[in-house]
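**Student:** For the protein sequence lines, the chains are X and B, in the order given.
Heads up: the first sequence begins at 506 in our numbering, then just goes up one per residue.
Heads up: the second sequence begins at 506 in our numbering, then just goes up one per residue.
Structure provided below as structure tokens; questions to follow.
2 protein chains.
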Amino acid sequence: MTKPRVTVIDIAKAAGVSKSTVSLVLQGSSLVNEGTRSKVNAVMRELGYVYNRGAANLRQAGAKSRIIGVVVNDLTNSFFAELAVGVDMVVQSAGFVQFLSNTSESIDRQREVVASMREHGISGLIVSPARATDAADFKPLVAAGIPVVVVVRNLPGAKVSSIVSDNRAGMMAAVEHLVGLGHSRIAFLGGFPDTAVFDDRLTGYRSGIEAAGLGYDEELVISSAPSRAGGVEAIGKAIALGDRPTAAVCFNDAVAFGVCDGLRARRLEPGADFAVVGFDDVIEAQAAVPALTTVSVDPQGIGRRGAQMLLKQINAGKAEAETVTTAVRLVVRESCGAGKAAPARAGRA
Amino acid sequence: MTKPRVTVIDIAKAAGVSKSTVSLVLQGSSLVNEGTRSKVNAVMRELGYVYNRGAANLRQAGAKSRIIGVVVNDLTNSFFAELAVGVDMVVQSAGFVQFLSNTSESIDRQREVVASMREHGISGLIVSPARATDAADFKPLVAAGIPVVVVVRNLPGAKVSSIVSDNRAGMMAAVEHLVGLGHSRIAFLGGFPDTAVFDDRLTGYRSGIEAAGLGYDEELVISSAPSRAGGVEAIGKAIALGDRPTAAVCFNDAVAFGVCDGLRARRLEPGADFAVVGFDDVIEAQAAVPALTTVSVDPQGIGRRGAQMLLKQINAGKAEAETVTTAVRLVVRESCGAGKAAPARAGRA
DNA sequence: CTATTTATTTGGAACGTTCCAATTCTGTCA
DNA sequence: TGACAGAATTGGAACGTTCCAAATAAATAG
Chain X
506 MTKPRVTVID
516 IAKAAGVSKS
526 TVSLVLQGSS
536 LVNEGTRSKV
546 NAVMRELGYV
556 YNRGAANLRQ
566 AGAKSRIIGV
576 VVNDLTNSFF
586 AELAVGVDMV
596 VQSAGFVQFL
606 SNTSESIDRQ
616 REVVASMREH
626 GISGLIVSPA
636 RATDAADFKP
646 LVAAGIPVVV
656 VVRNLPGAKV
666 SSIVSDNRAG
676 MMAAVEHLVG
686 LGHSRIAFLG
696 GFPDTAVFDD
706 RLTGYRSGIE
716 AAGLGYDEEL
726 VISSAPSRAG
736 GVEAIGKAIA
746 LGDRPTAAVC
756 FNDAVAFGVC
766 DGLRARRLEP
776 GADFAVVGFD
786 DVIEAQAAVP
796 ALTTVSVDPQ
806 GIGRRGAQML
816 LKQINAGKAE
826 AETVTTAVRL
836 VVRESCGAGK
846 AAPARAGRA
Chain B
506 MTKPRVTVID
516 IAKAAGVSKS
526 TVSLVLQGSS
536 LVNEGTRSKV
546 NAVMRELGYV
556 YNRGAANLRQ
566 AGAKSRIIGV
576 VVNDLTNSFF
586 AELAVGVDMV
596 VQSAGFVQFL
606 SNTSESIDRQ
616 REVVASMREH
626 GISGLIVSPA
636 RATDAADFKP
646 LVAAGIPVVV
656 VVRNLPGAKV
666 SSIVSDNRAG
676 MMAAVEHLVG
686 LGHSRIAFLG
696 GFPDTAVFDD
706 RLTGYRSGIE
716 AAGLGYDEEL
726 VISSAPSRAG
736 GVEAIGKAIA
746 LGDRPTAAVC
756 FNDAVAFGVC
766 DGLRARRLEP
776 GADFAVVGFD
786 DVIEAQAAVP
796 ALTTVSVDPQ
806 GIGRRGAQML
816 LKQINAGKAE
826 AETVTTAVRL
836 VVRESCGAGK
846 AAPARAGRA
């Protein structure tokens, strides 16, 4: 019943060489004679040898486990699932494997899984941190020489690499587009002011407003929870304003959906009577009625890029903390009042 | 720059005990004195010790790596993302970690990742096989004593455990419901014909049609990629038919969403003008507009169940191949035209 | 034919843990 | 006091690989 594991020594014996030679073959060394190599390979196939990476890794002093840890805060959100797929693509083709865990926004869980990953000797970590993650949480990792790349949400203060989408440019483009449609009173709705992402998006909004020669009016910035309910609340306040806005850019798509709900409750048709633009391009954005004009952020691209960054650092041996922002793209649909029914865009591949 | 790893020997030295004792503490053995235990633990914390599971695993003769491999065919489909989350839940709380990989339906990729996982010494594998996976592909795994659980798609001929949902009953219920609403031309849209799941669902469709006394019409079965894009394509063909259907059951929810897109592009309102029913009940199904009527299969539950099954086999040491099919349930929402009267095309032209 | 290089191959000694058998340290009992 | 049982601890010897220095074989030069 008990299967005796086939080891490099068994191979050596059967092929009539030494274990060192077999090891050399395993690593594809050029030092070994072509004849021997093929002989050894043949024997391996014949005996059904499987490489024991654990043992190898042990000897190689923790340098190269070829495991990448990936931690996301909500895998059921397709945004993050896409991100994981992006990571997997590049990681896999570089001969690494992916250790993926979901934290469900639980910071304790996050700590656990990161610890576990460390015990398994990951050679790098990609993480979309749970809310309220302490910037110091990844200190020990980098101190141990394990590169960390933070994606989507950045951790101000942590000296790790990060890759976030270009929130400023995206919001600016949204404002520009609304200005181009003739709007001059444009509100910024939703989001909690104490996050880095909020700051970035607000800055983009302001730049857009000022670039258009319109005055920045604090009254038009109305924060709320970054949720559908928050959107309803925010548009309520906006409508109550003395000098009412005619359009709004929203913190994210959830808020934008809430804004649409709120408009309808007041017998205003989003798109026709009031322009609304979202942010993220979640999967529902294109199917909604009216289809949501929003800023698309390509999570798969972020995943790929993050993985490349991480691999680079792993190979370099030295973790140069760098920060990159990825390009975003305004997707014009119906909710901004421009364009008519967009031609049903094919789903992602 | 190079951090010297803290090992069990360092701990032993610093705590004034032997490495064996430290090892005992690590394993929570009851043999060690309470005083010594806390002392050792204190030193560990102080020196920032991290357990090296690779080394331990090496000694313990491949028995317990505490790694579970999870292989899915399409992580961008939220059905599988949910499944992975379900697996992660039970796996994590059992003190295991999850190695997750995506094959994108590529059988080569699947072979690669499984091989890689094996090298890493997984103690079990949960797999939703790529299309056209050979039943013999997992032979070596089970021969090596590594339990395998196949989920979602079954592999006829492979003597491994599997857990699939009751596709036949689900599709039959969907058809019955549409018949009850008065439809008599009901199409079956999407999916690739060469899979076991497709066969099952189609069989269910056919049974439903025939049970209702309607004639089975091959023309109404239109296959396509099981994706949103595939749905758009399929509904296009369906609409072009001479004797046009008035309703459709779809291979899965992704297809159903695509069908809705396609209908809208032709100025038909899903629900009101054409009934559509999905399969899977992915998370977006209830939030969509119109909310999708679909067959609920609880992927997270399948994931959890599969994981439990796998863990049981791992602990038992012996892999008793068992097969379970999980019940499904039709969830009536709006897209089938039943439920609350669809908010008819009043508002927008 | 010896010296020198070049191309291959090879025995240990690690790596960080767990296991086994053996040891020391307590008390307790006769 | 000596013998004896636990209780607690401990030194090796593994596990399957890679690395190093050194050995061998083959080829070339002097």
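Ideal Cβ positions, reconstructed from N, Cα and C, are used throughout, including at glycine.
Only a predicted model underlies this, so the values are computations on that prediction, with no experimental measurement involved.
Within its chain, find whatever has a CB closer than 6 Å to the CB of residue 829 of chain X; leave out the 5 residues flanking it on each side and keep chain order.
**Tutor:** Taking the first sequence and counting its residues from 1, the one referred to as residue 829 of chain X is at position 324. Once the five neighbours on either side are set aside, the close Cβ partners of residue 829 of chain X are 668.
**Student:** Going along the chain, which residues of its own chain have a beta-carbon closer than 7 Å to the beta-carbon of residue 767 of chain X, five neighbours each way excluded?
**Tutor:** If you number the first sequence from 1, residue 767 of chain X lands on position 262. So the qualifying residues of the chain are 736, 737, 740 and 741.
**Student:** Answer yes or no: do residue 647 of chain B and residue 702 of chain B have a C-beta to C-beta separation smaller than 9 Å?
**Tutor:** Taking the first residue of the second sequence as position 1, residue 647 of chain B is located at position 142. Taking the first residue of the second sequence as position 1, residue 702 of chain B is located at position 197. Contact: no.
**Student:** Can you have a look at residue 858 of chain B and say buried or exposed, based on whether 16 or more other CB atoms are within 10 angstroms of its CB?
**Tutor:** Absent from the structure is residue 858 of chain B, since the part of chain B shown begins at 506 and ends at 854.
**Student:** Would the segment 579 to 588 of chain X count as touching the segment 614 to 627 of chain X if we require 3 or more Cβ pairs under 8 Å?
**Tutor:** no
**Student:** I'd like to check one pair, residue 716 of chain B with residue 782 of chain B: are the Cβ atoms closer than 9 Å?
**Tutor:** In the second sequence, counting from the first residue as 1, residue 782 of chain B sits at position 277. In the second sequence, counting from the first residue as 1, residue 716 of chain B sits at position 211. Using a Cβ distance threshold of 9 Å, residue 782 of chain B and residue 716 of chain B do not count as a contacting pair.
**Student:** Listing by chain order, which chain B residues have their CB less than 9 Å from the CB of residue 581 of chain X?
**Tutor:** What you label residue 581 of chain X is simply residue 76 of the first sequence in a count that begins at 1. Residues of chain B passing the Cβ test: 583, 586, 587, 590, 788 and 805.
**Student:** If distances are taken between C-alpha atoms only, which option among X:730, X:575 and X:659 comes closest to residue 809 of chain X?
**Tutor:** Against the first sequence, residue 809 of chain X aligns to sequence position 304. Among X:730, X:575 and X:659, the Cα nearest to that of residue 809 of chain X belongs to X:575.
**Student:** Taking the beta strand (DSSP E) that residue 697 of chain B falls in, what are its first and last residues?
**Tutor:** In the second sequence, counting from the first residue as 1, residue 697 of chain B sits at position 192. Looking at the DSSP string, residue 697 of chain B is not in any beta strand (DSSP E), and its letter there is neither H nor E.
**Student:** Counting only runs of 3+ residues fully inside the segment 739 to 772 of chain X, write out the beta strand (DSSP E) ranges in chain order.
**Tutor:** 752 to 755
**Student:** Along the segment 552 to 564 of chain B, what residues have a CB closer than 8 Å to any CB found in chain X?
**Tutor:** 553, 555, 556, 557, 558, 559, 560, 562 and 563
**Student:** To which residues of the same chain is residue 743 of chain B closer than 8 Å at the C-beta, ignoring the five residues directly before and after it?
**Tutor:** For this step, residue 743 of chain B is matched to residue 238 along the second sequence. Hits under 8 Å: 692, 694, 725, 727, 749, 750 and 753.
**Student:** For residue 747 of chain B and residue 804 of chain B, I'd like the C-alpha separation in whole angstroms.
**Tutor:** Numbered from 1 along the second sequence, position 242 holds the residue referred to as residue 747 of chain B. Numbered from 1 along the second sequence, position 299 holds the residue referred to as residue 804 of chain B. Each residue's alpha carbon lies about 38 Å from the other.
**Student:** By a C-beta neighbour count over all protein chains shown, 10 Å radius and 16 as the cutoff for buried, is residue 698 of chain X buried or exposed?
**Tutor:** Here residue 698 of chain X corresponds to residue number 193 of the first sequence, with the count starting at 1. Result: exposed.
**Student:** In chain order, what are the residue ranges of uninterrupted beta strand (DSSP E) at least 3 long that sit wholly in the segment 800 to 834 of chain B?
**Tutor:** 828 to 831
**Student:** What does the Cβ neighbour count give for residue 639 of chain X, buried or exposed, with the cut at 16 atoms within 10 Å?
**Tutor:** Counted from its first residue, the first sequence places residue 639 of chain X at position 134. Under this definition residue 639 of chain X is an exposed residue.
**Student:** If you compare alpha carbons, which of B:518, B:565 and B:580 is closest to residue 552 of chain B?
**Tutor:** If you number the second sequence from 1, residue 552 of chain B lands on position 47. Per the Cα distances, B:518.
**Student:** If you measure beta-carbon to beta-carbon, which residues of the segment 603 to 636 of chain B are closer than 9 Å to chain X?
**Tutor:** Correct list: 603, 604, 605, 606, 607, 609, 614, 617, 618, 620, 621, 622, 623, 624, 625 and 626.
**Student:** For chain X, check one thing: does any of its Cβ atoms lie closer than 9 Å to the Cβ of residue 593 of chain B?
**Tutor:** As a working note, residue 593 of chain B is residue 88 in the second sequence. For residue 593 of chain B, the answer is yes, since a Cβ of chain X falls inside 9 Å of its Cβ.
**Student:** So, are the CB atoms of residue 484 of chain B and residue 623 of chain X less than 9 Å apart?
**Tutor:** No answer is possible for residue 484 of chain B: the residues shown for chain B start at 506 and end at 854.
**Student:** Looking at C-alpha atoms only, which residue of X:579, X:643, X:561 and X:650 is the closest neighbour of residue 509 of chain B?
**Tutor:** The residue given as residue 509 of chain B occupies position 4 in the second sequence. The option with the nearest alpha carbon to residue 509 of chain B is X:650.
**Student:** Flag residue 570 of chain X as yes if its beta-carbon sits less than 9 Å from any beta-carbon of chain B, otherwise no.
**Tutor:** Here residue 570 of chain X corresponds to residue number 65 of the first sequence, with the count starting at 1. It does: the Cβ of residue 570 of chain X has a partner Cβ on chain B nearer than 9 Å.
**Student:** Identify the continuous alpha helix (DSSP H) that holds residue 667 of chain X and give its terminal residues.
**Tutor:** Within the first sequence, numbered from 1, the residue matching residue 667 of chain X stands at position 162. Taken as a continuous stretch (DSSP letters only), residue 667 of chain X belongs to no alpha helix (DSSP H), being part of the beta strand (DSSP E) at 666 to 670.
**Student:** Helix or strand or just coil, what does DSSP make of residue 683 of chain B?
**Tutor:** The count along the second sequence starts at 1 and reaches residue 683 of chain B at position 178. The answer is helix: DSSP assigns residue 683 of chain B an H, G or I state.
**Student:** Which residue from B:771, B:584, B:787 and B:764 puts its Cα closest to that of residue 780 of chain B?
**Tutor:** Within the second sequence, the letter at position 275 stands for residue 780 of chain B. Closest option to residue 780 of chain B, Cα to Cα, is B:764.
**Student:** Can you have a look at residue 849 of chain X and say buried or exposed, based on whether 16 or more other CB atoms are within 10 angstroms of its CB?
**Tutor:** Sequence index remark: in the first sequence, residue 849 of chain X carries index 344 (1-based). Legend: pLDDT at residue 849 of chain X = 35, less than 50; position of this residue unreliable, value from coordinates given subsequently. By the 10 Å Cβ count, residue 849 of chain X comes out buried.
**Student:** Step through the CB atoms of chain B and report whether any lies within less than 9 Å of the CB of residue 645 of chain X.
**Tutor:** Here the question's residue 645 of chain X lines up with position 140 in the first sequence. Output row for residue 645 of chain X: interface = yes.
**Student:** Considering only C-alpha positions, which residue in the set B:788, B:636 and B:816 is nearest to residue 836 of chain B?
**Tutor:** Here residue 836 of chain B is taken as the residue at index 331 of the second sequence, counted from 1. When each option's Cα is compared against that of residue 836 of chain B, the closest is B:788.
**Student:** Decide if residue 838 of chain B is buried, meaning its Cβ has at least 16 other Cβ atoms within 10 Å, or exposed.
**Tutor:** In the second sequence, the residue the question calls residue 838 of chain B occupies position 333. Residue environment analysis places residue 838 of chain B among the buried positions, since at least 16 neighbouring C-beta atoms fall within 10 angstroms of its C-beta.
**Student:** Note down the Cα distance separating residue 675 of chain X from residue 718 of chain X, rounded to an integer number of angstroms.
**Tutor:** If you number the first sequence from 1, residue 675 of chain X lands on position 170. If you number the first sequence from 1, residue 718 of chain X lands on position 213. Taking the straight line joining both Cα atoms gives about 19 Å.
**Student:** Whole angstroms is fine: what's the gap from residue 847 of chain B's alpha carbon to residue 777 of chain B's?
**Tutor:** Walking along the second sequence from the start, residue 847 of chain B turns up at place 342. Walking along the second sequence from the start, residue 777 of chain B turns up at place 272. With a pLDDT of only 37 at residue 847 of chain B, under the threshold of 50, the placement of this residue in the model should not be trusted, and no figure is reported.
**Student:** Quick one, which of B:654, B:626, B:729 and B:806 has its alpha-carbon nearest residue 634 of chain B's?
**Tutor:** The count along the second sequence starts at 1 and reaches residue 634 of chain B at position 129. That would be B:654, whose Cα lies nearest to the Cα of residue 634 of chain B.
**Student:** For residue 756 of chain B, collect the residues of the same chain with a Cβ closer than 6 Å to its Cβ; drop the 5 residues on either side in sequence, then sort them by chain order.
**Tutor:** The count along the second sequence starts at 1 and reaches residue 756 of chain B at position 251. These residues qualify, in order along the chain: 695, 696 and 731.
**Student:** Based on DSSP bridge pairs, tell me the residues matched to residue 607 of chain X.
**Tutor:** Taking the first sequence and counting its residues from 1, one reaches residue 607 of chain X at position 102. The partner list for residue 607 of chain X (beta bridge, DSSP) reads X:577.
**Student:** Looking at chain B, is there any beta carbon in it that lies within less than 9 Å of the beta carbon of residue 678 of chain X?
**Tutor:** Within the first sequence, residue 678 of chain X is the residue found at index 173, counting from 1. Chain B, which has no Cβ nearer than 9 Å to the Cβ of residue 678 of chain X, makes this no.
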